[in-house]
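Participant: Residue 2 is where the first sequence starts when you use the numbering used here, and the numbers rise one by one after that.
Backbone N, C-alpha and C fix where the C-beta goes; we use that ideal spot for every residue, glycine too.
Quantities reported herein were computed from a predicted structural model and do not represent experimental measurements.
What follows is a structure written as structure tokens; I'll ask about it next.
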Amino acid sequence: MPELPEVEVVRRGLQSQVAGRTTAAVQVLHPRAVRRHAGGGRDLEHRLSGRLLASAERRGKYLWLPLDGGDEALVAHLGMSGQLLVQPPESPDETHLRVRITFADGGGELRFVDQRTFGGLALEPVDADTAAPASVRHIARDPLDPLFDERGFATALRHRRTGVKRALLDQTLVSGIGNIYADEALWRARLHYARPTETLTRPEADRVLRAAREVMAAALAQGGTSFDALYVNVNGASGYFDRSLEAYGRRDEPCSRCGAPIRRDAFMNRSSYTCPRCQPRPRRGRW
DNA sequence: ACTAGAACCTGGCCGC
DNA sequence: TGCGGCCAGGTTCTAG
């Protein structure tokens with residue numbers, strides 16, 4: 002499940018292997034993979050052919066490749082199971098291959114592979130002022146961004162009226178954090194996911210942000226997290242940060258700080274993992 | 001304006 | 001062996 006560290010690994014792969022190359026043909030194999038593209042699959046195939054992909058950018062979990070000229074970009078979101086692979090043209094198609102982009106240099110082709118089809122590609126105009134594509138404009142900066150506003154984040158967090166985990170998952174407040182790193186950050190900060198944001202002290206707000214930054218930086222240093230074969234980077238290699246997770250996916254295993262068994266709760270149609278001793282449930286929590 | 005929850009999607013896995 | 005149901009979860013849409 003790609004979150005910020007995984008997406009950044011993919012961005013680096015794109016920057017080194019795709020940036021600076023000119024596309025030849027584009028083949029859309031599944032309409033849902035391009036549902037965010039205003040003109041549909043045929044339109045994307047035509048407008049993306051013969052274009053220079055200038056660089057690889059990222060904000061939160063969104064990736065984009067600005068085209069030559071700079072007023073358009075190919076935007077990619079991996080969703081839950083999306084992969085961007087650079088493969089030799091002769092290698093067999095992947096089962097869930099959705100979009101194929103070949104290049105004028107005849108080298109490795111860029112393939113968008115996505116089993117669950119939550120992800121997708123789109124060609125979008127780029128806003129001249131922010132240098133961000135249209136669909137990325139509402140996404141907040143992420144904790145690894147040098148321009149991230151820490152004080153502003155802490156203030157905004159404490160003005161929310163919700164549970165702290167919901168707030169961490171809100172990409173308009175802070176981007177890049179998904180279910181896995183939210184649980185890891187909360188474990189590090191010793192906060193329960195249902196803790197009402199309006200009761201957070203400023204030190205607590207600072208602490209959870211610092212924890213999120215630390216766990217994502219550590220994951221990035223190891224090449225991203227992976228739990229199965231769904232996530233691979235642009236070269237096709239899996240990350241392996243899952244060995245370092247302290248809470249997520251560790252139901253009934255002892256907390257490495259205190260030994261209490263990690264518990265799993267259903268929360269927001271997904272799972273939340275907490276240490277019941279280090280992260281006690283607040284008396285009046287917000288779900 | 002803000003918050004909460006459903007919907008989208010496929011394949012692996014489990015129990016029967 | 002097969003089948004129904006559950007689970008994984010990022011984002012968008014809709015309802016309140």
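Going by DSSP, name the residue or residues bridged to residue 104.
Facilitator: 24
Participant: If I follow the unbroken beta strand (DSSP E) through residue 128, where does it start and stop?
Facilitator: Element bounds for residue 128: n/a, residue is neither H nor E.
Participant: Please determine, among 116, 287 and 112, the residue with the shortest C-alpha to C-alpha distance to residue 195.
Facilitator: Residue 195 has its Cα closest to that of 287, out of 116, 287 and 112.
Participant: Can you tell me whether residue 149 is helix, strand or coil according to DSSP?
Facilitator: coil
Participant: Which value, in whole angstroms, describes the spacing of the CA atoms of residue 48 and residue 73?
Facilitator: 10 Å
Participant: Based on Cα-Cα distance, which residue from 131, 249, 217 and 28 lies nearest to residue 41?
Facilitator: Selection 131, 249, 217 and 28 evaluated against residue 41 yields 28 as nearest (Cα-Cα).
Participant: Does the distance from the C-beta atom of residue 214 to that of residue 145 stay below 8 Å?
Facilitator: yes
Participant: Using only the alpha-carbon positions, how far apart do residue 93 and residue 32 sit?
Facilitator: 21 Å
Participant: Which term fits residue 254, buried or exposed, when burial requires 16 or more other beta carbons within 10 angstroms of its beta carbon?
Facilitator: exposed
Participant: Give me the Cβ distance between residue 166 and residue 183, rounded to the nearest whole Å; I'm assuming they're in contact under 8 Å.
Facilitator: 5 Å
Participant: Within its chain, find whatever has a CB closer than 7 Å to the CB of residue 95; leave out the 5 residues flanking it on each side and keep chain order.
Facilitator: Taken in chain order, the residues that qualify are 112 and 114.
Participant: Return the chain-ordered list of same chain residues with a C-beta closer than 6 Å to the C-beta of residue 79, the five sequence neighbours on each side being excluded.
Facilitator: 3 and 120
Participant: Alpha carbons only, please: which of 126, 208 and 110 is nearest the one belonging to residue 158?
Facilitator: 208
Participant: Cβ atoms of residue 10 and residue 177: under 8 Å apart, would you say?
Facilitator: no
Participant: Can you find the residues in the same chain that come closer than 6 Å, C-beta to C-beta, to residue 241, ignoring five residues on each side of it along the sequence?
Facilitator: Its pLDDT being 48, under 50, residue 241 is placed unreliably in this model, and the coordinates cannot settle the point.
Participant: With distances taken between CB atoms, is the gap from residue 57 to residue 69 smaller than 8 Å?
Facilitator: no
Participant: Do residue 24 and residue 43 count as a contact pair if the criterion is CB distance below 8 Å?
Facilitator: no
Participant: Just list the residues that DSSP pairs residue 268 with in beta bridges.
Facilitator: 271
Participant: Shortest alpha-carbon distance to residue 280 belongs to which of 222, 188 and 246?
Facilitator: 188
Participant: How far does the beta strand (DSSP E) with residue 59 in it extend, from its first residue to its last?
Facilitator: 58–60
Participant: DSSP has residue 160 in a bridge; who is on the other side?
Facilitator: In the DSSP output, where bridge partners are listed per residue, residue 160 has none listed.
Participant: Quick check on residue 296: does DSSP put it in helix, strand or coil?
Facilitator: Residue 296 lies beyond the range of the chain shown here (2 to 288); nothing can be said about it.
Participant: So, with DSSP's three-state summary, where would you put residue 84?
Facilitator: strand
Participant: Shortest alpha-carbon distance to residue 77 belongs to which of 151, 91, 131 and 136?
Facilitator: 136
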